[in-house]
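K.L.:
Below is one structure. I have some questions about it.
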Amino acid sequence: MTVAGKPRRAVRPPPTLHTTYRQTFRLWRGKEWGWLSGSVVMALLWPFIVNAFWLHLSNLALIAVIATVGLNLLSGNARMVSLGQAAFLAVGGFTAGILGAQHEFPLWLCLIAAMVAGALVGLLIGIPSLRLKAIYVAITTLALHFAVTTLASIYQVEAVRAQGIILPMPDFGFVKLSESRPWFFFLLMITAIVILAALNIQRSYVGRRWIAVADHEVAARAAGINVPAAKLLAFAICSAIVSLAGALGVYYEGVLTAETYDIQLAIAYLAMIIVGGVGSVLGSVLGAVLLTFLPYFLDVAMKVGGIAVSGGSLNGIHSIAYGALILLFLLFEPLGLAAVWYRIRNAGMLWPLKYTPLEAKR
Numbered sequence: 047m048t049v050a051g052k053p054r055r056a057v058r059p060p061p062t063l064h065t066t067y068r069q070t071f072r073l074w075r076g077k078e079w080g081w082l083s084g085s086v087v088m089a090l091l092w093p094f095i096v097n098a099f100w101l102h103l104s105n106l107a108l109i110a111v112i113a114t115v116g117l118n119l120l121s122g123n124a125r126m127v128s129l130g131q132a133a134f135l136a137v138g139g140f141t142a143g144i145l146g147a148q149h150e151f152p153l154w155l156c157l158i159a160a161m162v163a164g165a166l167v168g169l170l171i172g173i174p175s176l177r178l179k180a181i182y183v184a185i186t187t188l189a190l191h192f193a194v195t196t197l198a199s200i201y202q203v204e205a206v207r208a209q210g211i212i213l214p215m216p217d218f219g220f221v222k223l224s225e226s227r228p229w230f231f232f233l234l235m236i237t238a239i240v241i242l243a244a245l246n247i248q249r250s251y252v253g254r255r256w257i258a259v260a261d262h263e264v265a266a267r268a269a270g271i272n273v274p275a276a277k278l279l280a281f282a283i284c285s286a287i288v289s290l291a292g293a294l295g296v297y298y299e300g301v302l303t304a305e306t307y308d309i310q311l312a313i314a315y316l317a318m319i320i321v322g323g324v325g326s327v328l329g330s331v332l333g334a335v336l337l338t339f340l341p342y343f344l345d346v347a348m349k350v351g352g353i354a355v356s357g358g359s360l361n362g363i364h365s366i367a368y369g370a371l372i373l374l375f376l377l378f379e380p381l382g383l384a385a386v387w388y389r390i391r392n393a394g395m396l397w398p399l400k401y402t403p404l405e406a407k408r
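According to our numbering, the sequence shown is numbered sequentially starting from 47.
Shown next as structure tokens:
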């Protein structure tokens with residue numbers, strides 16, 4: 047068909063508008079392949095661009111991303127608020143530390159054992175959630191935090207009789223994880239696997255079942271969903287991911303101490319998902335990276351400004367910054383940095399139009 051003698055061009059819908067369920071549940075949408083390719087190239091070049099200090103922080107950020115993704119699946123998608131993420135990190139860390147340092151298990155087996163131990167503890171703490179709601183689930187996980195950290199301290203004092211456990215250097219035969227650069231690529235690979243798994247969980251029947259239970263348990267039960275099984279599975283999977291991050295953390299640091307897993311660590315991870323975006327995998331990445339680098343950005347800013355403070359005051363300033371960020375995002379951007387990124391992306395894809403279509407949040 048022609049218009050004024052010219053062939054009529056087919057109208058192409060905007061890339062952010064979905065017309066089929068296949069488009070809605072597709073893993074990568076629109077022009078995201080370009081952003082993904084650029085991110086991969088940047089990540090591979092990153093260890094050769096920054097110095098050793100910033101590479102060390104990058105490795106800590108990757109470990110934080112893994113733990114935050116697991117926490118966000120539980121607190122964001124399943125909407126069971128957890129204050130026990132430091133406890134699950136301790137479970138993974140002590141499982142890997144005991145098996146690796148005292149029984150000389152290889153790294154890969156220690157990581158698997160840490161995930162299994164975390165899943166079992168998650169199942170145990172998930173049982174009370176079957177009869178509890180909202181804030182009471184959070185209180186239960188907070189009780190878990192104090193129970194696990196106390197047991198870890200007792201084990202360190204009575205069994206180890208030392209200030210900490212020294213872990214062996216991981217060795218895969220063809221490469222030793224003795225420096226920050228090999229660790230970066232290893233952690234980057236694990237992080238990519240965890241992120242891909244989380245994205246697939248969200249768009250699968252398992253993830254949609256968690257959201258249905260979180261929205262309305264009665265309606266979910268009427269739709270044929272096994273609510274107790276869905277809650278327990280959420281606790282098991284998410285706890286296993288967080289425990290994996292705990293095991294990686296102790297191997298990277300090379301030493302395991304119970305004092306590492308304090309309540310401030312739990313609050314920091316909760317701040318990461320609030321700042322990044324609750325229920326968003328991208329938000330988990332952005333929040334973990336920002337809050338891992340934030341204390342050092344503050345230190346640099348105070349040094350440039352000529353502000354000299356003691357170590358104790360510096361920790362207080364970091365805590366104030368965490369609290370201020372949480373408050374600001376809750377007031378002005380409840381959906382976090384992920385929502386900011388989506389708006390910027392949509393504005394660029396639809397330019398010069400100003401209309402931003404609604405899009406399924408992930």
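Cβ coordinates follow ideal geometry from the N, Cα and C atoms, glycine included.
Going by DSSP, what residue range makes up the alpha helix (DSSP H) through residue 218?
P.N.:
Looking at the DSSP string, residue 218 is not in any alpha helix (DSSP H), and its letter there is neither H nor E.
K.L.:
Quick one: what does DSSP say residue 353 is sitting in, helix, strand or coil?
P.N.:
Reduced to three states, the DSSP call for residue 353 is coil.
K.L.:
Could you check whether the region 361-374 touches the region 134-151, counting it as contact only if at least three pairs of C-beta atoms, one from each stretch, sit closer than 8 Å?
P.N.:
Too few Cβ pairs lie closer than 8 Å, so no.
K.L.:
Taking the straight line between their C-alpha atoms, what separation do you get for residue 388 and residue 257?
P.N.:
Distance between the alpha carbons of residue 388 and residue 257 is about 21 Å.
K.L.:
Can you find the residues in the same chain that come closer than 8 Å, C-beta to C-beta, to residue 163, ignoring five residues on each side of it along the sequence?
P.N.:
So the list reads 137, 138, 141, 289, once near-sequence residues are dropped.
K.L.:
Determine, using beta carbons only, whether residue 372 and residue 335 come nearer to each other than 8 Å.
P.N.:
Going by C-beta atoms, residue 372 is not nearer than 8 Å to residue 335.
K.L.:
Go to residue 326, then tell me how far its alpha helix (DSSP H) extends in each direction, as first and last residue.
P.N.:
Here residue 326 belongs to no alpha helix (DSSP H), and DSSP marks it neither H nor E.
K.L.:
Going by DSSP in three states, residue 233 sits in which element: helix, strand or coil?
P.N.:
Residue 233: helix per DSSP, three-state reduction.
K.L.:
Buried or exposed: residue 221, going by 16 or more other Cβ atoms within 10 Å of its Cβ?
P.N.:
By the neighbour-count rule (16 or more Cβ atoms within 10 Å), residue 221 is not buried but exposed.
K.L.:
When we look at the beta-carbon of residue 248 and count the other beta-carbons within 10 Å, is it buried (16 or more) or exposed?
P.N.:
When all chains shown are included, residue 248 counts as buried.
K.L.:
Any chance the region 311-319 sits against the region 200-219, with 3 or more Cβ pairs inside 8 Å?
P.N.:
Judged by Cβ distances under 8 Å, the region 311-319 makes no contact with the region 200-219, as fewer than three pairs qualify.
K.L.:
For residue 343 and residue 114, what's the separation of their Cα atoms in angstroms?
P.N.:
Distance between the alpha carbons of residue 343 and residue 114: 21 Å.
K.L.:
Would DSSP call residue 162 helix, strand or coil?
P.N.:
Helix at residue 162.
K.L.:
Going by DSSP, what residue range makes up the alpha helix (DSSP H) through residue 201?
P.N.:
Where residue 201 is concerned, the enclosing alpha helix (DSSP H) stretches over 181-201.
K.L.:
Find the nearest neighbour of residue 286 within the set 240, 306, 310, 262, judged by alpha-carbon distance.
P.N.:
Measuring from the Cα of residue 286, the nearest candidate turns out to be 240.
K.L.:
Quick check on residue 165: buried or exposed, where buried means 16 or more other Cβ atoms within 10 Å of its Cβ?
P.N.:
The residue in question, residue 165, is buried, as its Cβ has 16 or more Cβ neighbours within 10 Å.
K.L.:
In the DSSP assignment, what are the bridge partners of residue 212?
P.N.:
DSSP lists 301 as partners of residue 212.
K.L.:
Considering just the uninterrupted stretch of the alpha helix (DSSP H) at residue 105, what are its terminal residues?
P.N.:
Counting along the chain, the alpha helix (DSSP H) containing residue 105 begins and ends at 98-118.
K.L.:
So, helix, strand or coil for residue 57, using DSSP?
P.N.:
Note that residue 57 scores a pLDDT of 47, beneath 50, so its modelled location is shaky; the value from the coordinates is reported in the next line. Reduced to three states, the DSSP call for residue 57 is coil.
K.L.:
Could you give the residue range of the alpha helix (DSSP H) that holds residue 138?
P.N.:
Here the alpha helix (DSSP H) through residue 138 covers 131-143.
K.L.:
In its own chain, which residues sit with a C-beta less than 8 Å from the C-beta of residue 274, not counting the 5 before and 5 after it?
P.N.:
Excluding sequence neighbours, residue 274 sits near 176.
K.L.:
Measure the CB-CB distance between residue 133 and residue 195 and report whether it falls below 8 Å.
P.N.:
For residue 133 and residue 195, yes; Cβs fall inside 8 Å.
K.L.:
So is residue 229 buried or exposed if we call it buried at 16+ other beta carbons inside 10 Å?
P.N.:
It is buried - the Cβ of residue 229 has at least 16 other Cβ atoms within 10 Å.
K.L.:
Of the choices 313, 238, 282, whose alpha-carbon is the least far from that of residue 252?
P.N.:
Checked all of 313, 238, 282; the closest Cα to residue 252 is 282.
K.L.:
Could you pull the start and end residues of the alpha helix (DSSP H) that residue 252 belongs to?
P.N.:
That run of the alpha helix (DSSP H) goes 251-261.
K.L.:
Exposed or buried, which one is residue 312 when buried takes at least 16 other CB atoms within 10 Å?
P.N.:
By the neighbour-count rule (16 or more Cβ atoms within 10 Å), residue 312 is buried.
K.L.:
For residue 271, which of helix, strand or coil comes out of DSSP?
P.N.:
Three-state result, residue 271: coil.
K.L.:
Output the distance between the C-alpha atoms of residue 306 and residue 210, rounded to the nearest integer angstrom.
P.N.:
Rounded to whole angstroms, residue 306 to residue 210 spans 10 Å at the Cα level.
K.L.:
Rounded to whole angstroms, how far is the Cβ of residue 338 from the Cβ of residue 103, which I believe are closer than 8 Å?
P.N.:
Residue 338 to residue 103, Cβ: 6 Å. Contact.
K.L.:
Which class does residue 65 belong to by DSSP, given the choice of helix, strand or coil?
P.N.:
Note: residue 65 maps to coil in three-state DSSP.
K.L.:
What's the call for residue 47, buried or exposed, on a 16-neighbour Cβ count within 10 Å?
P.N.:
A caution first: residue 47 carries a pLDDT of 49, below 50, which makes its placement in the model too unreliable to give a value.
K.L.:
Do you know how far the Cα of residue 375 is from the Cα of residue 181?
P.N.:
C-alpha separation (whole angstroms): 20 Å.
K.L.:
If you run the structure through DSSP and keep just helix, strand and coil, what is residue 47?
P.N.:
Because residue 47 carries a pLDDT of 49, less than 50, the predicted location of this residue cannot be relied on, and the following value inherits that uncertainty. Here residue 47 sits in coil by DSSP.
K.L.:
Could you work out which residue in 106, 173, 310, 85 is closest to residue 298 when comparing CA atoms only?
P.N.:
Ranking the options by Cα distance to residue 298, first place goes to 106.
K.L.:
Using the Cα positions of residue 329 and residue 386, report the straight-line distance between them to the nearest angstrom.
P.N.:
Computed Cα separation, rounded: 10 Å.
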